[in-house]
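Novice: Numbering (the numbering used here), first residue to last: 128 to 248.
We treat Cβ as the ideally placed atom computed from N, Cα and C, and that holds for glycine.
Quick one: the structure is below, and I'll ask about it shortly.
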Amino acid sequence: MSQIKSLADELRETIKKDGHPDKEIVDDESTFKQKPINKLTKKPPDTKLETLFESILTFELIGTEKLLIRLDDRTVFLLKQLKIAKAIDMNKLIAFSLQHFLRTHPELIEYVKENIKTIEL
128 MSQIKSLADE
138 LRETIKKDGH
148 PDKEIVDDES
158 TFKQKPINKL
168 TKKPPDTKLE
178 TLFESILTFE
188 LIGTEKLLIR
198 LDDRTVFLLK
208 QLKIAKAIDM
218 NKLIAFSLQH
228 FLRTHPELIE
238 YVKENIKTIE
248 L
């Protein structure tokens, strides 16, 4: 355990001196070469994704009806992350997605209309 701490201390001091953690660090047991990890590297923006985000953000949530829906944990987590990352409200995204689904599948609406005609009251 003390070897791990001393290795970590050496790495910290190397970073403080040079600002480059990719220099070789010699330990009693072996030699390591560390590569810098940059988690903040940005990918080029995806135009389709940006267009989708723009469409969601400009979507007007005008409905007043409230519904209780059940979502799995992963979906709720993703919705919360989108709220933080892009300021997209969960209700707005769900309403946008449902509207998009119904527009892309008009046969569902036609099916409902046809079946409503055959129901006797």
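How big is the Cα-Cα spacing for Leu229 and Val239?
Specialist: Cα to Cα, the separation comes out at about 12 Å.
Novice: Nearest to Leu206 by alpha carbon, out of Ile183, Ile189 and Thr174?
Specialist: That would be Ile183, whose Cα lies nearest to the Cα of Leu206.
Novice: Here's the rule: buried if 16 or more other CB atoms are within 10 angstroms of the residue's CB, otherwise exposed. What is Ile246?
Specialist: Ile246 comes out exposed.
Novice: Output the boundary residues of the alpha helix (DSSP H) element that contains Ile215.
Specialist: No alpha helix (DSSP H) holds Ile215; DSSP gives it neither H nor E.
Novice: Would you identify the three-state DSSP class for Asp200, choosing helix, strand or coil?
Specialist: If DSSP states are grouped into helix, strand and coil, Asp200 belongs with the helices.
Novice: What is the rounded straight-line gap between the Cα of His227 and the Cα of Ile236?
Specialist: Looking at the two C-alpha atoms, the distance is approximately 13 Å.
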